[in-house]
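Keeping their order, the protein sequence lines are chains A and B.
Adding 125 to a residue's 1-based position in the first sequence gives its number in my numbering.
Adding 7 to a residue's 1-based position in the second sequence gives its number in my numbering.
Note sheet for the following structure.
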Amino acid sequence: MKVSDILSENVIAVNLKAADKTESINKMIDLANKSGKILNLEKVKECVFEREKLVSTGVGKAFAIPHGKTDEITDIVGAFSILESPIDFESIDNEKVKFIFLLIGKDALLNAHIKLLSRISRLMNKDGFREKLLTAKNSEEVLKLFREEEMGYIDI
Amino acid sequence: MIIFEYILLLISVLILVSIIMTKLSNNLGLPSLLIFLAIGMLAGTDGPGNIYFDDFRLSQAIGVVALVFILFSGGMDTKWQCIKSAMSGALKLSTLGVVLSALIIGIALYYIFSFPLFEGLLIGAIISSTDSAAVFSILRSKSLRLKGNVRSLLELESGSNDPMAIFLTLVLIEAVKFQGFDLLNFVFFFVMQFGVGAVVGIGMGKLLVIIMNKLKLPNEGFYSVFAITYSVLVYSVTAILNGSGFLAVYLAAVVIGNSEFVQKKSLLRFFDGIAFLGEVTMFLTLGLLVFPSQVLNVVLIGLSVSALLIFLARPLSVFLSLMFSKYKFREKVLVSWVGLRGAVPIILATFPITANLQNGSYYFNIIFFVVLTSVIIQGWSLPVVARALKLLLPESKVKKIPIELDAEMSKSSDLVDIIVPDGSPVTGKPLAELGLPEGCLITVIYRDDEYIIPSGSTSLEGGDAIIMLLKSEHKQKVTEIFRKPL
């Protein structure tokens, strides 16, 4: 599996508008819901916000990766967005966040969940990749960039 | 009367010696089942061990139980995706392929060696199914990874062609006995074998997943015991309902292996062990059962049947069955070459004896010889052939999470997955010096596609994904530790 395998054009947004962290996460989950893999939207929101309460998922470099695990999905769900304007995410480097990747996993698929988290953070950590993403005009281009960037990586 | 303790002593010594000898078979690149057979034969009447054993019924029983475990373990390891792509090919091989193989052998024996037609066909039928124990044990050995879905095809075939072979064998035993048979009756029998086997197998597999997840057992070891007993239940229920028990066990295991439930990892490991024990015991027993001096009497006819099977019946039946499928020529060649015979034919070969057919033990010896040569020639040369056909994969290293999370634990929010930010103050320092609060534990680190079990001297790097046990009252403290100073 690759990160780009869990994305599709309808769960990617460019210029997402959100005023704060809570609104951005809610919008991301609504976006992820378009995948049709979510069984219970409320339970998914609950697990993401629960996880966020423990340690912020704003991992620095303008990137946040809110995530959670629940059985109320049929398969691992992802969503990605570039925000119209950066917001505060209580990030670990105290910088504002511009990119958000949402990942919902299952307890039973912990192995894949961890590997995806690591892969996503590795991709987003690359300055060149983030710059390229900023030039993307629509979700189609974003997905294409993810695919290209992941070419050199093995399947996880 | 032999004292019970002596029997136990004997069994344990034989099994232990067999396990130790697998090192030898590994070095020689030999299928281990061959070593087990050899040890059984050496321990038997004609060997230095001089143990007299000719209990065909007991051998049949041991063989059936062992096969249940082997199929269950093999099925649990089979990925659903592989099955989907290999399904149609495997179905053709395990139905049409089996019939063709039996027919070709039977007709050849009739014309070349003037066997009575039904008896030739009977021998053909008994050796018509590839053996899952042999195929799994050879294909699953570490050094051999096949490209594409040839492996799934072969495994699926070997797991599903026993009903057809058993069916043909039973029909032909009747035919030899009474010089004819009631076709309609046997078509019904066949449909029952397949239909009931599939329905009960899939149904009971799904049921087990539900039970395992609902059942909160006090001891995690109980899950394995529960599952192993359940596999025997699947076999017996299906067989009593006139279905194919082997098919049901295999399908149930596939369903289970592709579902998620608590204690799955320990279950897989446990079944690996049990399947291996089954394999050792079964082949030892079969080695003991045979009288090598009698097998020597059938060398000529045995070699001929082997040659017919390996070079004519198997390739022809494979190429005819897969005529309209997407497999490449060299893949079909490989499939033809992995026509490994094993325990099922030997167990089936005891059927004519227990059915009191006149030439029963003669057939048994021929079949034993054929299986032996098939495993030696095809099993031993398989890696070479696969390499020559360019169907071998380089060794891959897909890493699995090395810990198993308890049902209770993973439900609690206290187990947090954290990504270590680049430039976070925690990087580059030994974990012991981070000052993590009491009760916080970094259980595993995932870095560069590897899982690392940390110790106090391990240090974190930016981009690591870690799984941490965290008491919620400490979250503030932990956040501060991970956070970059302002």
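Where is the CB? At the ideal position from N, CA and C, for every residue including glycine.
Since we're looking at a predicted model, the values are computed, not measured.
Please classify residue i: does DSSP put it in a helix, a strand, or coil?
| i | result |
| --- | --- |
| B:Arg-490 | coil |
| B:Pro-390 | helix |
| B:Val-433 | coil |
| A:Ala-204 | strand |
| A:Met-126 | coil |
| B:Ser-251 | coil |
| B:Gly-51 | strand |
| A:Met-276 | coil |
| B:Tyr-458 | strand |
| B:Thr-503 | Outside the displayed span of chain B (8 to 493) sits residue 503 of chain B, for which this structure offers no information. |
| B:Val-345 | coil |
| B:Pro-322 | helix |
| B:Asn-304 | coil |
| B:Glu-126 | helix |
| B:Met-475 | strand |
| A:Ala-143 | coil |
| A:Ala-138 | strand |
| B:Asp-424 | strand |
| B:Leu-399 | strand |
| B:Glu-480 | helix |
| A:Thr-195 | coil |
| B:Pro-38 | coil |
| A:Phe-188 | strand |
| B:Gly-469 | coil |
Residues in the same chain with beta-carbon distance under 8 Å from residue i, minus the five sequence neighbours each way, listed in chain order, please.
| i | result |
| --- | --- |
| B:Val-239 | Val-72 and Val-75 |
| B:Glu-468 | Val-427, Thr-434, Gly-435 and Arg-454 |
| B:Leu-224 | Tyr-230 and Phe-233 |
| B:Val-287 | Ile-22, Ser-25, Ile-26 and Phe-43 |
| B:Gly-54 | Met-48 and Pro-299 |
| A:Glu-215 | Lys-146, Ser-181 and Gly-183 |
Determine the chain A residues that contact residue i at a beta-carbon separation under 7 Å, and present them in chain order.
| i | result |
| --- | --- |
| B:Pro-428 | Val-184, Gly-185, Ile-217 and Asp-218 |
Given residue i, which residues of its chain have a CB within under 6 Å of its CB, disregarding the five upstream and five downstream residues?
| i | result |
| --- | --- |
| B:Glu-415 | Confidence is the limiting factor: at B:Glu-415 the pLDDT is only 47, short of 50, which leaves the residue's position unreliable and the question unanswerable from this model. |
| B:Ser-466 | Gly-435, Lys-436 and Pro-437 |
| B:Ser-464 | Pro-437 |
| B:Glu-338 | Val-157 |
| B:His-481 | Pro-444 and Cys-447 |
| B:Ser-343 | Arg-321, Pro-322 and Val-325 |
| A:Glu-165 | For clarity, residue 165 of chain A is Asn in the given sequence; the question names Glu instead. Within the same chain, A:Asn-165 has close Cβ partners Glu-197. |
| B:Ala-115 | Leu-315 |
Interface residues of chain B around residue i at Cβ under 7 Å?
| i | result |
| --- | --- |
| A:Val-180 | Val-423, Ile-425, Lys-482, Val-485, Thr-486 and Phe-489 |
| A:Arg-247 | Gly-470 |
| A:Ile-137 | By Cβ distance, chain B contributes nothing, its closest Cβ being about 21 Å from A:Ile-137, past 7 Å. |
| A:Ile-279 | Asp-456 |
For the putative contact between residue i and residue j, defined by C-beta atoms under 8 Å, what is the C-beta separation to the nearest angstrom?
| i | j | result |
| --- | --- | --- |
| A:Asn-163 | A:Ala-157 | Going by the sequence as given, residue 163 of chain A is Ile instead of Asn. Right, the Cβ-Cβ distance comes to about 7 Å (below 8 Å), so this counts as a contact. |
| A:Ile-190 | A:Ile-229 | 12 Å between Cβ atoms; not a contact. |
| A:Ala-187 | A:Val-222 | 6 Å |
| B:Arg-242 | B:Gly-252 | According to the sequence provided, residue 242 of chain B is Tyr. The question's Arg does not apply to it. Right, the Cβ-Cβ distance comes to about 4 Å (below 8 Å), so this counts as a contact. |
| A:Leu-259 | A:Gly-203 | Going by Cβ atoms, the distance from A:Leu-259 to A:Gly-203 rounds to 20 Å, so no, they are not a contact pair. |
| B:Asn-476 | B:Cys-447 | The sequence given here places Leu at residue 476 of chain B; Asn does not occur at that position. Right, their Cβ atoms sit about 7 Å apart. |
| B:Ser-387 | B:Leu-37 | As written in the sequence, residue 387 of chain B is Trp, which differs from the Ser given in the question. Contact holds; Cβ gap of about 6 Å. |
| B:Asn-372 | B:Val-305 | 5 Å |
| B:Val-207 | B:Thr-245 | 5 Å |
| A:Ile-245 | A:Phe-226 | 5 Å |
Just the chain B side, please: which residues come within less than 8 Å of residue i by C-beta, in chain order?
| i | result |
| --- | --- |
| A:Lys-240 | Tyr-453, Asp-456 and Ala-472 |
| A:Val-250 | It should be noted that the sequence gives Asn, not Val, for residue 250 of chain A. Those within 8 Å of A:Asn-250 in chain B are Asp-429, Gly-469 and Gly-470. |
| A:Ser-107 | Since the first residue shown for chain A is 126 and the last is 281, residue 107 of chain A is missing from the structure and cannot be characterised. |
| A:Ile-131 | Those within 8 Å of A:Ile-131 in chain B number zero; the least Cβ separation is about 16 Å. |
Considering only their Cβ atoms, is the gap separating residue j from residue i smaller than 8 Å?
| i | j | result |
| --- | --- | --- |
| B:Ser-494 | B:Cys-89 | One cannot answer for residue 494 of chain B here, as it falls past the ends of chain B, which runs 8 to 493. |
| B:Ser-108 | B:Ser-324 | yes |
| B:Val-105 | B:Asn-192 | no |
| A:Arg-247 | B:Gly-470 | yes |
| A:Glu-209 | A:Asn-263 | no |
| B:Leu-347 | B:Val-183 | no |
| B:Ala-350 | B:Phe-278 | no |
Spatial neighbours of residue i within its chain, please: C-beta separation below 7 Å, excluding the five flanking residues on both sides.
| i | result |
| --- | --- |
| A:Ser-129 | Leu-268, Phe-271, Arg-272 and Glu-275 |
| A:Pro-211 | Ala-187, Lys-221, Val-222 and Lys-223 |
| B:Ile-353 | Leu-293, Ile-374, Phe-375 and Val-378 |
| B:Thr-357 | Phe-63, Ser-66, Gln-67 and Phe-371 |
| B:Ile-77 | Ser-139, Ala-140, Phe-143, Ala-282, Gly-285 and Glu-286 |
Run through chain A and tell me which residues come within less than 9 Å of residue i, C-beta to C-beta.
| i | result |
| --- | --- |
| B:Leu-477 | Leu-179 and Val-180 |
| B:Glu-267 | Lys-231, Asp-232, Ala-233 and Leu-234 |
Listing by chain order, which chain B residues have their CB less than 9 Å from the CB of residue i?
| i | result |
| --- | --- |
| A:Ile-190 | Ile-426 |
| A:Ile-154 | Going along chain B, no residue has its Cβ under 9 Å from A:Ile-154, so there is no contact; the nearest lies around 18 Å. |
With hydrogens ignored, establish whether the beta-carbon of residue i is closer than 7 Å to any heavy atom of the ligand GDP.
| i | result |
| --- | --- |
| B:Phe-326 | The ligand GDP is not part of this structure, which contains no ligands at all. |
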